[in-house]
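Data block below; observations after.
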DNA sequence: TAAGTGATCTCT
DNA sequence: GAGATCACTTAA
């Protein structure tokens with residue numbers, strides 16, 4: 069039995085969503101084939117004040133989905149070759165998202181997007197079957213003892229406070 | 001440890 | 001319009 073996560077799931081506190089996303093399944097339907105992998109690692113980017121977030125300096129063309137409603141994808145291109153996948157949380161107007169950094173068999177945010185054939189075509193689309201990329205609850209329970217929190221990767225530019233906050237969660 | 005790679009952002 | 005930056009990966 070599996071259940072597709074709806075907007076309601078994502079329209080909550082970002083840290084809570086991130087915590088509960090661990091153990092859920094990222095599901096991709098692409099050219100007639102469906103692939104699913106369990107989410108194993110995520111990072112929180114929450115609010116206007118988070119200096120590590122793209123939203124820290126207000127809305128731009130790129131980060132627009134972060135300011136939109138929950139349950140939509142925010143996908144951006146970086147380092148000239150990598151796509152990053154985020155799911156938007158919280159209500160419209162409040163910029164927040166969870167970066168999906170790893171699934172079983174594809175560790176690393178850019179590896180996972182390559183694995184699932186994810187690019188800008190999905191940016192801004194909702195996490196539903198219609199868009200071809202969504203998240204399912206397949207009743208896997210991840211106990212807190214198996215979740216490790218640590219500082220987010222590659223955000224040293226955000227200053228010590230925001231760089232050190234333990235907003236990266238992964239299953240160990 | 002460092003190179004690769006190009007869109008996006010922030011100034012001029 | 002130019003220059004810097006970048007929520008990374010790979011190969012060494």
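In my numbering, the protein residues as written are 69 to 240.
Every residue, glycine too, gets a C-beta built ideally from N, C-alpha and C.
In DSSP terms, what residue i is bridged to
| i | result |
| --- | --- |
| residue 140 | 194 |
| residue 187 | Answer is none; residue 187 lacks a bridge partner. |
| residue 216 | 238 |
| residue 146 | 150 |
| residue 175 | 170 |
| residue 71 | 205 |
| residue 165 | 113 and 156 |
| residue 106 | 93 |
| residue 101 | 98 |
Straight-line gap, residue i to residue j (C-alpha atoms, nearest Å)
| i | j | result |
| --- | --- | --- |
| residue 135 | residue 121 | 12 angstroms |
| residue 128 | residue 105 | 32 angstroms |
| residue 194 | residue 234 | 28 angstroms |
| residue 224 | residue 168 | 19 angstroms |
| residue 175 | residue 185 | 15 angstroms |
| residue 191 | residue 211 | 32 angstroms |
| residue 217 | residue 240 | 10 angstroms |
| residue 236 | residue 126 | 23 angstroms |
| residue 96 | residue 229 | 36 angstroms |
| residue 98 | residue 200 | 7 angstroms |
| residue 111 | residue 179 | 16 angstroms |
Member of the options whose CA lies at the smallest distance from the CA of residue i
| i | options | result |
| --- | --- | --- |
| residue 100 | 207, 197 and 91 | 197 |
| residue 108 | 227, 232, 231 and 203 | 203 |
| residue 154 | 125, 174 and 113 | 113 |
| residue 220 | 177, 190 and 199 | 177 |
| residue 119 | 232, 206, 238 and 239 | 232 |
| residue 160 | 228, 133 and 226 | 133 |
| residue 226 | 152, 181 and 123 | 123 |
| residue 163 | 183, 117 and 149 | 117 |
Cβ pair residue i, residue j closer than 8 angstroms
| i | j | result |
| --- | --- | --- |
| residue 147 | residue 130 | no |
| residue 75 | residue 139 | yes |
| residue 215 | residue 73 | no |
| residue 85 | residue 93 | no |
| residue 165 | residue 171 | no |
| residue 69 | residue 209 | no |
| residue 187 | residue 141 | no |
Distance cut-off 7 angstroms: residue i Cβ against heavy atoms of the ligand MN
| i | result |
| --- | --- |
| residue 223 | What this structure holds is no ligand at all, so the ligand MN is not there to describe. |
Residue i, enclosing beta strand (DSSP E) - first and last residue
| i | result |
| --- | --- |
| residue 90 | Note, residue 90: premise wrong, no beta strand (DSSP E); not H, not E. |
Extent of the continuous alpha helix (DSSP H) to which residue i belongs
| i | result |
| --- | --- |
| residue 226 | From DSSP, residue 226 is part of no alpha helix (DSSP H); its letter is neither H nor E. |
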